[in-house]
Amino acid sequence: MITLRRVLSQVRIGVLTPWAYRTSTLLSLLVLALQIVLYSVVWRAIYAGRQDPVAGTDVHTAVGYAVLGLTIAAALHTAPFWSIQARVRDGLIGIDLTRPIGLLTQNLAVQTGHVLAALPAVAVGLGTGLLVGGLTAPTSAGAALGFAVSLLLAFGVSQLITLLMSLTSFWTLEVGGIGMAFYVVRTFMSGAILPLWFMPGWLQAIAGVLPFQAATYTPLAVYFGRPPGGLATALGVQALWILVLAGLCAWVWSRARYRVVVQGG
Amino acid sequence: MHVAGLVKEFRRVKRITGRFGGLRTFFSREYDVIRAVDDVSFDIDSGELVGYLGPNGAGKSTTIKMLTGILTPTAGTVTVAGRDPARERKANALNIGVVFGQRSQLWWDLPLRESFRALRDLYGVPSAEGERRQRELVELLDMAEFLDTPVRQLSLGQRMRGDLAAAMLHQPRLLYLDEPTVGLDVVAKQRIREFIAHINAELGTTVILTTHDLEDVEQLCRRIILIDHGRVLYDGGLAELMARYAPYRDLVVTLAEPSDVVVASADQVKRDGPVVTLRFRSDQVKAPEIISAVTAAYPVVDLSVVEPRLEAVISQIYTQRGLPEMVAS
Chain A
9 MITLRRVLSQ VRIGVLTPWA YRTSTLLSLL VLALQIVLYS VVWRAIYAGR QDPVAGTDVH
69 TAVGYAVLGL TIAAALHTAP FWSIQARVRD GLIGIDLTRP IGLLTQNLAV QTGHVLAALP
129 AVAVGLGTGL LVGGLTAPTS AGAALGFAVS LLLAFGVSQL ITLLMSLTSF WTLEVGGIGM
189 AFYVVRTFMS GAILPLWFMP GWLQAIAGVL PFQAATYTPL AVYFGRPPGG LATALGVQAL
249 WILVLAGLCA WVWSRARYRV VVQGG
Chain B
8 MHVAGLVKEF RRVKRITGRF GGLRTFFSRE YDVIRAVDDV SFDIDSGELV GYLGPNGAGK
68 STTIKMLTGI LTPTAGTVTV AGRDPARERK ANALNIGVVF GQRSQLWWDL PLRESFRALR
128 DLYGVPSAEG ERRQRELVEL LDMAEFLDTP VRQLSLGQRM RGDLAAAMLH QPRLLYLDEP
188 TVGLDVVAKQ RIREFIAHIN AELGTTVILT THDLEDVEQL CRRIILIDHG RVLYDGGLAE
248 LMARYAPYRD LVVTLAEPSD VVVASADQVK RDGPVVTLRF RSDQVKAPEI ISAVTAAYPV
308 VDLSVVEPRL EAVISQIYTQ RGLPEMVAS
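Sequence lines, in order, name chains A and B. In this text, residue positions in the first sequence follow this note's numbering: the first is 9, and each later residue adds one. In this text, residue positions in the second sequence follow this note's numbering: the first is 8, and each later residue adds one.
Put into structure tokens, the structure is as follows:
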């Protein structure tokens, strides 16, 4: 009970913090709506005058994918530079170690709060999608159910990616531009904007061995009836990534903790 | 709390200068070992209010970090309320409160009230009890008017009060205060001191106070532990320290016309025009005797007896003990 209360207190902090910067958060919602409008316009321009699908995708699917992909990314792709990195930079990580809660638990709870705080993005994303006529129903009831499960797993993968990235700041604090690079790679390789099936084979292969696709592309592919390797495999790969990333986080944190605790930072 | 033979060494990669120095440093496996805390031992009883003092870089913060479980000792043992803080970090966390004057444990972007709420939940304080304690602390530290202000907009004095309250919400048995008055104005400092004295007296909270403001120490601490270069120089009562290192008082007299003063059992230590400072051993001679001796022999316009300042004593100790070591290294 007390443990749950501890975790929830940090989820609450995570929900409230982004909304302390109301203008910036509202602006990000506006940017999301704008992106959705632009992508739907561009896809329709690309498909204008051609009847045959590209890579098995017609214009409705392409636009529908963009709407959902951007929306999911806006909610799930939490920024890794809010918590641990800022706290390492300001020397506050020591204070975190005097709390009766583990650092990883605390940060996952705060990130979960960030995701909840970003739920208005889902309403904005889907609302804009409706306005531009870009909402597509899932291909079947099974696809809808698979999508729900896959989305839940994608939440886990995405939060662990964010956590792992923020843990690296114990070493990469001085490396400039790494956050920007991470943002670009994550957005592209997760298939948030472009479905991986549009990419050439070698690029798909690279995306396939990275965890990012399991955080966004997999649920979308399930939704549109094209789960990579079949539904069971697609979900299994996501679950596997959760295990691998959780293990990596625990390992990196034990190294970082050694650095802080034994070497004094 | 029991501390025995505490040692903390840090390894720093040796800087290589010269051609490709930066790159060679990066791949270097050579280290300098710095001993920040060197064989420190002391016991602190429940309910004590101890000043842990030392110049910058003496090893104070490193010790506090080991006592709070943030750092693991290289050698030696720490036991806080029967627990090893580094090994049982989370369990120890429930017993202690920590305030770092230079840093804040409050959530920067959120109203102060939210930090208090989060901390009550984190430390599992029952809700009715937690609200009662919060009300008390808000009243005691006069925080009602800025309870709904985001922490980043608070003044340093307000923020410090918030931090103190945050550390006391779960009523820890032990409170570590690392420079709690740093950068504060006189009134704000006084308020913080009164609060520290209050919780120590009323709740019996053990307080370990690190500070460079010796007025904090003079007003609050009965016992001080003095360290330098990672070693304990003095551990004992404040009064005993003063008696040992400053067993004298100064008599400052202003004469009608400038002159040196020569009286028995007092030495002239300073003369600034007509103002002469005489130093006498307060354990050997009474102030009235010196005063009557001076007034009998010299035309005195004004006089005052000055108690030795802790500051003078401490700086005397630092310079005496510090110099030989500096020569050696």
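Even for Gly, the Cβ is constructed at its ideal location relative to N, Cα and C.
Inset, instruction - Could you run through the stretch 99-114 of chain B and flag, in chain order, every residue whose CB is less than 9 Å away from some CB of chain A? - result: Here the close residues are Asn99, Ala100, Leu101, Ile103, Gly104, Val105, Phe107, Gln109, Arg110, Ser111, Gln112 and Trp114.
Legend entry - Contact residues within the stretch 22-38 of chain A, judged by C-beta distance below 8 Å to chain B: Leu24, Thr25, Ala28 and Tyr29
Legend entry - Residue-level contact to chain B via CB, A/Pro61, 8 Å cutoff: Mapped onto the first sequence, residue 61 of chain A falls at position 53. No, its Cβ sits nowhere closer than 8 Å to a Cβ of chain B.
Legend entry - Residue of A/Ala81, A/Leu78, A/Val96 and A/Phe232 minimising C-alpha distance to A/Ala145: Locating residue 145 of chain A in the first sequence gives position 137, where the first residue counts as 1. Here the closest residue by C-alpha is A/Phe232.
Legend entry - DSSP bridge partner residues for B/Gln275 (one or two, in chain order): Position 268 of the second sequence, counted from the start, is the residue given in the question as residue 275 of chain B. In the DSSP output, where bridge partners are listed per residue, B/Gln275 has B/Leu285.
Legend entry - Inter-stretch contact (C-beta, 8 Å, three-pair minimum) for the stretch 92-112 of chain A and the stretch 257-271 of chain A: yes
Inset, instruction - Step through the CB atoms of chain A and report whether any lies within less than 8 Å of the CB of B/Ser336. - result: Position 329 of the second sequence, counted from the start, is the residue given in the question as residue 336 of chain B. Only weak support exists for where B/Ser336 lies, its pLDDT of 30 falling under 50; the value from the coordinates is given anyway. So, not an interface residue.
Inset, instruction - Given a cut-off of 8 Å, decide if B/Glu318 and B/Leu216 are closer than it, judged by their beta-carbon atoms. - result: For the purposes of this step, residue 216 of chain B is taken as the residue at position 209 of the second sequence. For the purposes of this step, residue 318 of chain B is taken as the residue at position 311 of the second sequence. Their beta carbons are not under 8 Å apart, which means B/Leu216 does not touch B/Glu318 by this criterion.
Inset, instruction - Consider the Cβ of B/Tyr130: report whether some Cβ of chain A lies at a distance smaller than 8 Å. - result: The sequence position of residue 130 of chain B within the second sequence is 123, counting from 1. With 8 Å as the cut-off, B/Tyr130 counts as an interface residue toward chain A.
Inset, instruction - Measure the CB-CB distance between B/Gln112 and B/Ala173 and report whether it falls below 8 Å. - result: As a first step, residue 112 of chain B is located in the second sequence; it is residue number 105 there, counting from the start. As a first step, residue 173 of chain B is located in the second sequence; it is residue number 166 there, counting from the start. A contact, by the Cβ cut-off of 8 Å.
Legend entry - Outcome for A/Gly22 when other beta-carbon atoms lying within 10 angstroms are tallied against a minimum of 16: Taking the first residue of the first sequence as 1, we reach residue 22 of chain A at position 14. Counting Cβ neighbours within 10 Å, A/Gly22 comes out buried, since at least 16 surround it.
Inset, instruction - Report buried or exposed for A/Arg97, applying the criterion of at least 16 other Cβ atoms within 10 angstroms of its Cβ. - result: In the first sequence, the residue the question calls residue 97 of chain A occupies position 89. Exposed: under 16 other Cβ atoms inside 10 Å.
Inset, instruction - Kindly list the residues whose CB is nearer than 8 Å to the CB of B/Gly329, restricted to its own chain and excluding five residues on each side of it in sequence; keep chain order. - result: Counting from 1 along the second sequence, the entry for residue 329 of chain B is found at position 322. Any reading at B/Gly329 is ruled out, since the residue's pLDDT is 47, under 50, leaving its predicted position unreliable.
Inset, instruction - Look at the alpha carbon of B/His9 and the alpha carbon of B/Pro92, and state the distance between them as a whole number of angstroms. - result: For the purposes of this step, residue 9 of chain B is identified with residue 2 of the second sequence, where counting begins at 1. For the purposes of this step, residue 92 of chain B is identified with residue 85 of the second sequence, where counting begins at 1. The alpha-carbon atoms of B/His9 and B/Pro92 are separated by roughly 11 Å.
Inset, instruction - Would you verify that the beta carbon of A/Pro88 is, or is not, closer than 8 Å to some beta carbon of chain B? - result: Numbered from its first residue, the first sequence carries residue 88 of chain A at position 80. Chain B contact via Cβ: absent.
Inset, instruction - Take A/Ala41 and list the residues in its own chain whose beta-carbon comes closer than 7 Å to its own, dropping the five residues that flank it on each side. - result: One-based indexing of the first sequence puts residue 41 of chain A at position 33. Around A/Ala41: Val132 and Thr136.
Inset, instruction - Pull up the DSSP beta-bridge partners for B/Asp50, would you. - result: On the second sequence, position 43 is the one that residue 50 of chain B refers to. Within the DSSP secondary-structure output, B/Asp50 pairs in a beta bridge with B/His9.
Legend entry - A/Ala117 versus A/Leu24, A/Thr176 and A/Asp60, residue with shortest Cα-Cα distance: The residue labelled residue 117 of chain A in the question sits at position 109 within the first sequence. Selected option, being the one with the closest Cα: A/Leu24.
Inset, instruction - Would you give the residue range spanned by the alpha helix (DSSP H) that B/Gly169 belongs to? - result: Here the question's residue 169 of chain B lines up with position 162 in the second sequence. From DSSP, the alpha helix (DSSP H) with B/Gly169 extends over Leu163 to Met175.
Inset, instruction - Report the rounded CA-to-CA distance for A/Ala223 versus A/Leu239, giving the unit in angstroms. - result: Indexing the first sequence from 1 puts residue 223 of chain A at position 215. Indexing the first sequence from 1 puts residue 239 of chain A at position 231. Each residue's alpha carbon lies about 15 Å from the other.
Inset, instruction - Kindly indicate which three-state DSSP category B/Gly58 falls into: helix, strand or coil? - result: The count along the second sequence starts at 1 and reaches residue 58 of chain B at position 51. Reduced to three states, the DSSP call for B/Gly58 is strand.
Inset, instruction - Using a Cβ cut-off of 7 Å, pull out every chain B residue sitting near A/Pro108, in sequence order please. - result: As a working note, residue 108 of chain A is residue 100 in the first sequence. Those within 7 Å of A/Pro108 in chain B are Lys97, Ala100, Leu101, Leu129 and Tyr130.
Inset, instruction - Examine chain B for any beta-carbon lying closer than 8 Å to the beta-carbon of A/Leu105, and answer yes or no. - result: As a working mapping, residue 105 of chain A is identified with position 97 in the first sequence. Interface residue, yes.
Legend entry - Residue range of the alpha helix (DSSP H) that includes B/Tyr252: On the second sequence, residue 252 of chain B is found 245 positions in, with the first residue counted as 1. Element bounds for B/Tyr252: Leu245 to Tyr252.
Legend entry - Closest by C-alpha distance to A/Asp139, when choosing among A/Val49, A/Ile201 and A/Leu35: Counting from 1 along the first sequence, the entry for residue 139 of chain A is found at position 131. The identity of residue 139 of chain A in the sequence shown is Leu, whereas the question assumes Asp. It is A/Val49.
Inset, instruction - Check whether the Cβ atoms of B/Leu181 and B/Val106 lie closer than 8 Å to each other. - result: Reading the second sequence from its first residue, position 174 is the one you call residue 181 of chain B. Reading the second sequence from its first residue, position 99 is the one you call residue 106 of chain B. Judged by beta-carbon spacing, B/Val106 lies beyond the 8 Å limit of B/Leu181, meaning their Cβ atoms are not closer than that value.
Inset, instruction - Kindly indicate if chain B contains any beta-carbon less than 8 Å away from that of A/Leu124. - result: Translated into positions along the first sequence, residue 124 of chain A becomes position 116. Interface criterion not met: the Cβ of A/Leu124 is under 8 Å from no Cβ in chain B.
Legend entry - Proximal residues of chain B, C-beta to C-beta of A/Leu175 below 7 Å: What you label residue 175 of chain A is simply residue 167 of the first sequence in a count that begins at 1. Chain B residues near A/Leu175: none, gap ~18 Å exceeds 7 Å.
Legend entry - Pair within 8 Å by beta-carbon distance, A/Ser198 and A/Gln212: The sequence position of residue 198 of chain A within the first sequence is 190, counting from 1. The sequence position of residue 212 of chain A within the first sequence is 204, counting from 1. For A/Ser198 and A/Gln212, no; Cβs fall outside 8 Å.
Inset, instruction - Compare the C-beta of B/Asp116 with all C-beta atoms of chain A and state if any pair is closer than 8 Å. - result: Stepping through the second sequence from its first residue, residue 116 of chain B is reached at position 109. Interface residue, yes.
Inset, instruction - Could you tell me the boundaries of the beta strand (DSSP E) in which B/Val189 lies? - result: Numbered from its first residue, the second sequence carries residue 189 of chain B at position 182. Where B/Val189 is concerned, there is no enclosing beta strand (DSSP E), given that its DSSP letter is neither H nor E.
Legend entry - Secondary structure of B/Phe107, DSSP reduced to three states: Counting from 1 along the second sequence, the entry for residue 107 of chain B is found at position 100. Residue state, collapsed to three classes: strand.
Inset, instruction - Kindly say whether B/Ile77, judged by its beta-carbon, lies nearer than 8 Å to any beta-carbon of chain A. - result: The residue given as residue 77 of chain B occupies position 70 in the second sequence. Judged by the 8 Å Cβ criterion, B/Ile77 is in contact with chain A.
Inset, instruction - Could you tell me whether the Cβ atoms of B/Asp46 and B/Gly89 are closer together than 8 Å? - result: The count along the second sequence starts at 1 and reaches residue 46 of chain B at position 39. The count along the second sequence starts at 1 and reaches residue 89 of chain B at position 82. Cβ distance not < 8 Å, so B/Asp46 and B/Gly89 don't count as in contact.
Inset, instruction - Kindly list, in the order they appear in chain A, the residues whose Cβ is closer than 8 Å to that of B/Ala125. - result: As a working mapping, residue 125 of chain B is identified with position 118 in the second sequence. Identification of chain A residues near B/Ala125 by a Cβ-Cβ cut-off of 8 Å yields Ser17, Gln18, Arg20 and Ile21, ordered along the chain.
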